[in-house]
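Residue numbers (our numbering): 359 to 984.
Each residue gets a CB set at the ideal place from its N, CA and C atoms; glycine is no exception.
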C-alpha cells in the first residue's frame with residue numbers, strides 16, 4: 359500500500375451529475391496542508407514507513423507490514439467501519455468523476471456489472487484518508503481498478519475470491535514445507551493434491567471443488583477447537599479465528615455456486631427438523647461407541663436451539679455438511695468396495711440417485727448455515743442492466759407473515775417510546791445482573807423484593823394473591839413483568855436450574871417487548887470497543903493474552919438490528935411528514951393552533967428519538983506489559 363499527504367480536492371456536481379473541476383486552494387490552505395504533510399510524514403517515518411520515489415519520480419511513503427496490519431485491526435472498530443465505507447464511497451465518486459458518468463447506487467449491482475461499467479484503462483485512483491482511525495492527519499491511499507473491485511466485494515460479502523485463492527496457496531506452500539526429502543508421505547501428498555484441485559477449480563470458475571475443501575477444513579477446525587477448549591490451551595483463540603475466516607469463505611463460495619438458483623425462505627422449524635433427523639441418523643446407532651456421546655450432544659444442541667442459542671446448532675449443521683462431503687468423496691473413490699458400500703448407505707437415505715440426493719442435501723444445509731451465521735448478505739444477485747430493462751417491475755404483495763412482523767416491530771417501537779420504558783429496561787438489566795450473581799446463600803425472598811421494587815417504581819404495589827390493575831397505556835410493557843413476579847409465588851425454592859430458566863424468561867421479555875438483544879461475552883474472547891466497556895485492566899506478561907477478556911462483569915444490551923433498521927426508516931419518514939405539515943400550516947393556522955400542533959410534534963419527537971445502545975457489556979481485560 360502506498361500513500362503520501364495530498365491536497366484535499368473537493369468535487370462538486372449539480373443535480374444533473376455534471377462535474378466541475380477541483381477547487382483551487384488559497385495560500386492559507388496550502389500553508390496548512392504543508393504543515394499537516396510534515397507532521398503526518400514525520401509520524402509515519404517514526405513508526406517505520408520508508409521514503410522512496412514512485413514510477414513518475416514523485417516522493418512517497420510506503421507503509422510497513424506492521425502499519426498495514428494495525429490499520430486492518432483498527433478497521434474492526436465502530437469508527438473504522440464507517441471510515442472504510444466512506445473510503446469506498448470516495449473511490450466510487452472519483453471513478454464517476456473520471457468516467458463522467460453516474461454509477462449504480464446499489465453496490466451489488468455495481469459489483470456484478472463492474473467490468474462493463476468501469477473501463478479497464480481507468481488507471482489508479484487515489485483518495486485522502488487516515489492510515490489509522492486514531493491519526494489526526496490525512497494520507498493518500500492509492501488503489502488499482504481491481505483493488506477497488508475487491509474492496510467492494512469485501513464490503514458486500516465479507517470475503518473475496520482472491521482471499522480464498524491466497525489462503526489455498528498458502529496452505530499448499532505450508533504443506534510443501536512439511537514434505538520430507540528422505541521419504542514419501544502419502545497423507546501429506548493427498549492433502550496437497552486436494553488443495554491443488556481446489557485452487558485450480560477456483561481459478562477456472564468451478565466453485566464446488568474449493569467449497570468442498572473449505573467445508574471439510576471447517577469441520578477439522580471445529581474438532582480442534584473442541585479439543586483445545588476442553589484442555590484450556592491458548593491455541594483455541596487462533597483456531598477459532600481461522601474457523602470463522604473459513605466460514606466467511608464458505609459463504610462467499612456458496613453465494614457464487616447458487617447465484618442463479620431461486621431464493622429460499624428458511625425457518626427455524628426447518629432447521630429444528632433437520633437437527634432431529636440428524637440426531638437419529640448420525641448418532642452412530644444402538645450399541646455403537648459414539649451413540650451415547652452423540653445422542654447427548656444432539657439433545658443439548660436441540661435444547662439450546664429452542665432457547666435461541668445457535669452456536670452448537672451451527673456446528674451440528676457443519677458436521678452434517680462434512681458428512682455429506684465425505685460420502686461424496688467416497689463415491690468418487692477408486693476402490694470399488696468402498697464405493698459400493700457408500701452407495702448402499704446413501705441409497706437407503708436418498709434413494710437410487712444418491713449423488714443428486716447429496717447435492718440437494720448440501721444445498722439445503724448451506725442455506726441453514728447461512729441462516730444461522732446471520733450474515734447480512736444480499737439474498738439475490740441483481741439482474742444486469744439489460745435483464746432489468748427487459749422485465750416489467752411488479753410490486754410484490756406483502757405476505758401475512760410480513761404484515762404480522764411489521765405489526766410486531768411497530769408495537770416494539772411504541773413500547774420503546776413509552777415514558778416508563780428507558781428506566782424499566784435499566785431495572786430489568788440490573789435484575790438480570792442479580793440473577794447472574796446467584797449463589798446458594800441467596801434466598802427467593804431477595805428476588806421477590808427486587809421485583810416488587812421495580813413494579814413499585816412504576817406505581818404498582820404488588821401484594822400476593824390480590825388482583826392488580828395495570829393502567830391501559832402501560833399494559834403492554836408491565837403486564838408480562840407482573841406475570842413473572844406472580845410466578846415466584848408458586849416457588850418454594852430458588853435453585854440454580856430455576857434461576858437459569860427464570861433468567862431466560864426475562865431475556866425473552868426484553869426481546870419480545872422492546873426488541874432488545876443481549877450481548878453476553880465470555881472469558882477469553884477478544885475485547886471489542888464496540889458494545890463493550892472495560893471497567894478494569896489487569897497487566898499480564900503473556901503477550902498472547904493482550905486485550906483478551908479476563909472476566910465478564912455484566913452483559914450488554916441493545917436494540918436488535920432488524921428493529922433498529924426498521925425504526926430508523928420509519929422515524930425518518932414520519933418526522934419528515936410532520937415537519938412538512940408544520941411548514942404547510944405556518945402561514946394559515948392561528949398562533950394558538952400552530953403552537954398546539956408544534957408542542958404535539960415536539961412531544962412525539964422526544965419520545966420517539968432513542969438510541970440503539972441500551973448498555974455496554976462490562977468486562978475486565980488483560981493488558982500486556984513487559
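According to DSSP, residues forming a beta bridge with residue 914: 877
Beta bridge counterpart(s) of residue 891 as assigned by DSSP: 976
Minimum C-alpha distance to residue 666 - residue among 619, 687, 729, 609: 729
Beta strand (DSSP E) segments (min. 3 residues) lying fully within the region 929-976: 971-973
Secondary structure of residue 815, DSSP reduced to three states: coil
N-terminal and C-terminal residue of the alpha helix (DSSP H) that residue 536 is part of: 519-536
Near the ligand ZN: residue 478 beta-carbon under 7 Å from a heavy atom: In terms of ligand content, the structure shown is empty, and the ligand ZN therefore cannot be addressed.
Cβ neighbours of residue 568 in the same chain (closer than 8 Å, five flanking residues each side left out): 522, 526, 556, 557, 559, 560, 611
Integer Cβ distance of residue 580 from residue 454, believed to fall under 8 Å: Contact doesn't hold; Cβ gap of about 45 Å is too wide.
Classification of residue 998 by the beta-carbon crowding that lies within 10 angstroms, buried from 16 upward: Absent from the model: residue 998. The displayed extent of the chain is 359 to 984, so no value can be given.
Alpha-carbon spacing of residue 725 relative to residue 618, whole angstroms: 14 Å
Helix, strand or coil at residue 983 [DSSP, three-state]: coil
Short Cβ contact (8 Å threshold) for residue 891 with residue 974: yes
Three-way DSSP call (helix, strand, coil) for residue 842 in this model: helix
Rounded C-alpha distance that separates residue 971 from residue 545: 51 Å
Alpha-carbon to alpha-carbon, residue 471 and residue 438: Bear in mind that a pLDDT of 46 at residue 438, under 50, signals an unreliable position, so the number given afterwards is only what the model happens to contain. If I take the Cα positions, the gap works out to 27 Å.
Per-residue burial, residue 700 [other beta carbons within 10 Å of its own, 16 or more giving buried]: buried
Beta-carbon contacts of residue 865 that lie in its chain and below 6 Å, excluding the five residues immediately before and after: 876
Inter-residue spacing [alpha-carbon to alpha-carbon] between residue 678 and residue 917: 33 Å
Member of 697, 519, 659, 878 whose CA lies at the smallest distance from the CA of residue 889: 878
Three-way DSSP call (helix, strand, coil) for residue 687 in this model: helix
Cβ distance (whole Å) where residue 884 is taken to contact residue 846 below 8 Å: Contact doesn't hold; Cβ gap of about 38 Å is too wide.
Three-state secondary structure (DSSP) of residue 801: coil
CB contact flag (residue 672, residue 584, <8 Å): no
Distance, residue 669 Cα to residue 529 Cα: 27 Å
Three or more C-beta pairs below 8 Å linking the region 926-943 and the region 900-914: no
Under 8 Å between C-beta atoms of residue 721 and residue 616: yes
Exposure label - residue 949; buried when at least 16 CB within 10 Å: exposed
Proximity below 8 Å, CB of residue 516 to CB of residue 609: yes
Cα-Cα separation, residue 682 to residue 716: 6 Å
Nearest-angstrom Cβ-Cβ length linking residue 773 and residue 871, presumed shorter than 8 Å: 5 Å
Residue 790 vs residue 816 beta-carbon contact at 8 Å: no
Residues of its chain near residue 336, where Cβ-Cβ distance is below 6 Å and the 5 sequence neighbours each way are ignored: There is simply no residue 336 to check, as the chain begins at 359 and stops at 984 in what is shown.
Counted within 10 angstroms of its Cβ, other Cβ atoms place residue 849 as buried (16 or more) or exposed: exposed
Collapsed DSSP secondary structure at residue 908 in the structure displayed: strand
Straight-line Cα distance separating residue 906 from residue 577: 25 Å
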